[in-house]
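The numbering used here applies: residue 2 is where the sequence shown begins, and numbers increase by one. Shown next, in structure tokens, is the structure this report addresses.
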Amino acid sequence: AYLIHDCTYRHFAYEHTLAAEFFPERTITTYSFSKWLGLAGLRVGAVIASGEVLERLAAAPPNNLGSNVLSQRAAIAGLKVKARWFPEVLQIQRHNQALIADAAKTINGLATPVFPSNGNFMIIDVSKAGISPEALVEALQRQDIMIRQGSYHSDRFGGRFVKVSTTVPTDWVEAFCHHLPGAVEVAQGLNDVGPQF
Numbered sequence: 002a003y004l005i006h007d008c009t010y011r012h013f014a015y016e017h018t019l020a021a022e023f024f025p026e027r028t029i030t031t032y033s034f035s036k037w038l039g040l041a042g043l044r045v046g047a048v049i050a051s052g053e054v055l056e057r058l059a060a061a062p063p064n065n066l067g068s069n070v071l072s073q074r075a076a077i078a079g080l081k082v083k084a085r086w087f088p089e090v091l092q093i094q095r096h097n098q099a100l101i102a103d104a105a106k107t108i109n110g111l112a113t114p115v116f117p118s119n120g121n122f123m124i125i126d127v128s129k130a131g132i133s134p135e136a137l138v139e140a141l142q143r144q145d146i147m148i149r150q151g152s153y154h155s156d157r158f159g160g161r162f163v164k165v166s167t168t169v170p171t172d173w174v175e176a177f178c179h180h181l182p183g184a185v186e187v188a189q190g191l192n193d194v195g196p197q198f
């Protein structure tokens, strides 16, 4: 048996344990620059495993082209400044999480089931607020605020929540928090929301 450990959000975690420390011979660790460095569209990361496991994986590569030069250079540049740059990003996003959790607490029917989050986002459960996630997304889009409906991420639980990114400027989060109560009211009157991104 092999263990695949996706470490995409490890930089945001309060405590993170690498599975490979306990099962190095058969753990495959995947690492991404998409979240902590904001390179989601560039598709750059790494696979870390024992030499034997990497040899087996290399025998049948899914993509012979690899990552483009722009992605690689961006990742290298990010690694060079990470120690100076990322602590502030982490501090800002954790502050943003607290703002979102505080705002959600003030609205009947909203909840933040995982706070603090070990990712760069917050989940807001809307299932007891009498609104659909899609309706809340639509209401906030009218204020030029973008969040994601849960169905974008989960067929099974998507009808219960919205996802709000926290690695954005604090003034964006403050605008979200300011408009959230009114958006919930608007969402209560939105029954037929069209297709969303």
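No residue lacks a Cβ here, since even glycine has one placed at the ideal position from N, Cα and C. This structure is a prediction, so every number in the text was calculated from the model and none was measured.
Among the options, which has the Cα closest to the Cα of residue i?
{"i": "residue 176", "options": "42, 159, 144 and 198", "result": "144"}
{"i": "residue 39", "options": "79, 106, 27 and 113", "result": "79"}
{"i": "residue 63", "options": "148, 93, 112 and 48", "result": "48"}
{"i": "residue 142", "options": "165, 160 and 69", "result": "165"}
{"i": "residue 32", "options": "7, 112 and 89", "result": "7"}
{"i": "residue 189", "options": "152, 139, 151 and 170", "result": "139"}
{"i": "residue 54", "options": "170, 21 and 73", "result": "21"}
{"i": "residue 67", "options": "182, 58, 76 and 44", "result": "44"}
{"i": "residue 4", "options": "14, 15, 23 and 29", "result": "29"}
{"i": "residue 46", "options": "57, 34, 52 and 56", "result": "34"}
{"i": "residue 127", "options": "82, 170 and 184", "result": "184"}
{"i": "residue 42", "options": "73, 97 and 186", "result": "73"}
{"i": "residue 1", "options": "181, 178, 124 and 168", "result": "Residue 1 falls outside the range modelled here, since the chain spans only 2 to 198, and no answer is possible."}
{"i": "residue 23", "options": "51, 14 and 15", "result": "51"}
{"i": "residue 192", "options": "132, 92, 70 and 25", "result": "132"}
{"i": "residue 26", "options": "15, 14, 2 and 16", "result": "2"}
{"i": "residue 198", "options": "186, 152 and 58", "result": "152"}
Between which two residues does the beta strand (DSSP E) holding residue i run?
{"i": "residue 166", "result": "162–166"}
{"i": "residue 122", "result": "122–126"}
Pop quiz: residue i and residue j are said to be a contact at Cβ under 8 Å. What is the actual Cβ separation, rounded to whole angstroms?
{"i": "residue 12", "j": "residue 87", "result": "7 Å"}
{"i": "residue 117", "j": "residue 95", "result": "7 Å"}
{"i": "residue 9", "j": "residue 36", "result": "6 Å"}
{"i": "residue 170", "j": "residue 150", "result": "In fact, because the Cβ distance is near 23 Å, the residues do not count as touching under 8 Å."}
{"i": "residue 194", "j": "residue 130", "result": "Their Cβ separation, rounded to whole angstroms, is 15 Å, which puts residue 194 and residue 130 out of contact at 8 Å."}
{"i": "residue 146", "j": "residue 163", "result": "Incorrect: roughly 11 Å between the Cβ atoms, too far for contact."}
{"i": "residue 1", "j": "residue 119", "result": "Outside the displayed span of the chain (2 to 198) sits residue 1, for which this structure offers no information."}
Could you tell me which residues DSSP pairs with residue i in its beta bridges?
{"i": "residue 46", "result": "33"}
{"i": "residue 7", "result": "31"}
{"i": "residue 112", "result": "126"}
{"i": "residue 150", "result": "163"}
Check whether chain C comes within 7 Å of residue i, counting only Cβ atoms and requiring the distance to be less than that.
{"i": "residue 167", "result": "Absent from the structure is chain C; it holds one protein chain and no more."}
Between which two residues does the alpha helix (DSSP H) holding residue i run?
{"i": "residue 177", "result": "171–189"}
{"i": "residue 103", "result": "70–106"}
{"i": "residue 57", "result": "52–59"}
{"i": "residue 141", "result": "134–142"}
Sufficient close CB pairs (3 or more, under 8 Å) joining the segment 171–185 to the segment 98–115: yes
Would you call the segment 146–158 and the segment 106–115 touching, i.e. three or more CB-CB distances under 8 Å? When C-beta atoms of the segment 146–158 are compared with those of the segment 106–115, fewer than three pairs fall below 8 Å, so the two segments do not count as touching.
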